[in-house]
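Take a look at the structure below.
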Amino acid sequence: MIDIEDRLELDERSAVDFVLAMRKRWSDTVYPTMAEQYSQSGPPSGDVAEAGRRLRELDLYPWYSHLERVQQKMLWKIAGDAVLRRRADLLAQYDQGSEVLGSLTLDPDLELPSWYTDYDIHIQPGSFYSDDMSAYVYEFGARIVMLRDNDGYKFHRLFTETALPAADGVSRVVDIGCGFGKSTRPLALRYPDAEVIGIDLAAPGLRLAHAEAEAAGVRISYRQGDGRATGLEGGSCDVVTGTMVLHEMPAAAVGETLREAARLLKPGGALRFLEFQPTGDPFRDATIFEHAERNNEPFFHDLFGSDLLQMCRDAGLVDPRWTPFDERRDGVSPDGWGERREWHFPWAVLSATKPE
271 MIDIEDRLEL DERSAVDFVL AMRKRWSDTV YPTMAEQYSQ SGPPSGDVAE AGRRLRELDL
331 YPWYSHLERV QQKMLWKIAG DAVLRRRADL LAQYDQGSEV LGSLTLDPDL ELPSWYTDYD
391 IHIQPGSFYS DDMSAYVYEF GARIVMLRDN DGYKFHRLFT ETALPAADGV SRVVDIGCGF
451 GKSTRPLALR YPDAEVIGID LAAPGLRLAH AEAEAAGVRI SYRQGDGRAT GLEGGSCDVV
511 TGTMVLHEMP AAAVGETLRE AARLLKPGGA LRFLEFQPTG DPFRDATIFE HAERNNEPFF
571 HDLFGSDLLQ MCRDAGLVDP RWTPFDERRD GVSPDGWGER REWHFPWAVL SATKPE
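Residue numbers for the sequence shown follow the numbering used here, so the first one is 271 and each next one is one higher.
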């Protein structure tokens, strides 16, 4: 498979380096400076709403907000141009993903929900589903955003190794909202004897996921479908998981997805979703809430405003809980996120169990 970043021309690589450097300074320099400005503006805020009002009054906040949005737009422009220059070669790779190990099942009649198609999520023009190249654009951008962590899968391997059950006795795993496969391939490595199924709404992402899995010699079944109604038989899965997908759904769809996950699980089966949760620091959480507008994340507030633990209980699951996840250290972190000077996402794992 073509690694676009390995084939960048000097001007393209310089542009990527510039955006990455800007992103780092935005996180480790601009954010702490804004935090200091906030602390000097008055006593600690009592809640996120109050912190948000004070945040928007800071002299530095418009620059902070502008930098986040501009760097994201620059990233997509660089990624889009790099992909389009190599369009013919990249399209040819889709055809090389023959069903040797895994499988790819697309549904051209699948109706995509309006909440999925009405927004350019993450500010990506045309979003993730609209064109054969959109998956390559998103993959390229996602790897840069994750700060080029090895092969781009380190983060997801850490999730599978620390948050998911051991492989013993696991025969089927389902990954809801699998995208281009960045979360699914680590699942196949953790559960080598299990059937691993990736489900997503976007055909371009699934085509890329399948082609890359085949090229890597990894057996995965990819299916185009809706995580709210997968069509898989009930009580057939040992693990149902998803990474960074629930915050991109309205609250009603989140509830439907959790009920579908509960339906799919065998007795004793495990639900694990990697998402975001408030940290308890009103200022830091206000910057997370505001991220929804800065980065075209229209349902961020639905996630934070919904009681997903109760949704899990309503779906018939037991022992629902949120556990912080710290990508800098050992993944799942029951003691919290620790002190962090820079801006970061407050990753957290939603877990629950199907009663025996």
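A virtual CB, placed ideally from N, CA and C, is assigned to each residue, including glycine.
Listed as beta-bridge partners of E484 by DSSP are no residues whatsoever. In the three-state scheme derived from DSSP, where H, G and I count as helix and E and B as strand, I490 is classed as coil. Non-local beta-carbon contacts of S491 in its own chain, meaning distances under 6 Å to residues more than five positions away in sequence, involve G372, S373 and I467 in chain order. Within the same chain, Cβ atoms closer than 6 Å to the Cβ of F450 are found at A405, E409, G475, L478 and A479, the five residues on either side in sequence being excluded.
Minimum Cα-Cα distance from A562 among the listed residues Q310, I393 and A352 corresponds to I393. A direct Cα-Cα distance of roughly 17 Å separates I272 from R455. Here R324 is near G312, since their CB atoms are less than 9 Å apart.
At the C-beta level, V415 and M344 stay beyond 9 Å of one another.
Within the same chain, Cβ atoms closer than 6 Å to the Cβ of P537 are found at K624 and E626, the five residues on either side in sequence being excluded.
By the Cβ criterion, the stretch 332-351 is not in contact with the stretch 581-588, since fewer than three pairs of Cβ atoms, one from each stretch, lie closer than 8 Å. Between the stretch 435-449 and the stretch 379-389, the count of Cβ pairs shorter than 8 Å is below three; the stretches do not touch. Cβ atoms of S297 and W592 stay farther apart than 8 Å, at about 24 Å. Counted as a single uninterrupted DSSP element, the beta strand (DSSP E) harbouring D470 occupies residues E465 to D470. Nearest to F569 by C-alpha distance, out of G350, C507, K294 and E545, is E545. Here the alpha carbons of A485 and R293 stand approximately 32 Å from one another. Inter-residue distance for I469 and T549 is about 30 Å (C-alpha atoms, whole angstroms). Cβ-Cβ distances below 6 Å link I274 to A352 and F410 in the same chain, with the five nearest sequence neighbours on each side left out; the list follows chain order.
For L534, the closest C-alpha among the options A473, F553, V443 and G495 is that of V443. Annotation: the continuous alpha helix (DSSP H) that includes I414 extends over S404 to V415.
Separation of the CB atoms of L280 and T303 is rounded to 33 Å, and the pair is thereby denied contact status at 8 Å. Sixteen is the threshold: when 16 or more other Cβ atoms of the shown chains lie within 10 Å of the Cβ of V488, as they do, the residue is buried. When DSSP reads this structure, L535 sits in a beta bridge with C507.
In this structure, the alpha-carbon of E503 lies about 50 Å from that of P332. Looking from the CA of N566, the closest CA among P314, S284, L328 and E338 belongs to E338. Taking the Cβ atoms as the reference, E597 lies roughly 28 Å from L328, outside the contact range of under 8 Å. Annotated as distal: A473 and L360, with beta-carbon spacing of 9 Å or more. Beyond the five residues adjoining it in sequence on each side, A499 comes within less than 7 Å, by CB distance, of E530 in the same chain, given in chain order. The Cβ-Cβ distance between V510 and G539 falls below 9 Å. Out of S506, R554 and M403, the CA that lies nearest to the CA of Y364 is found in M403.
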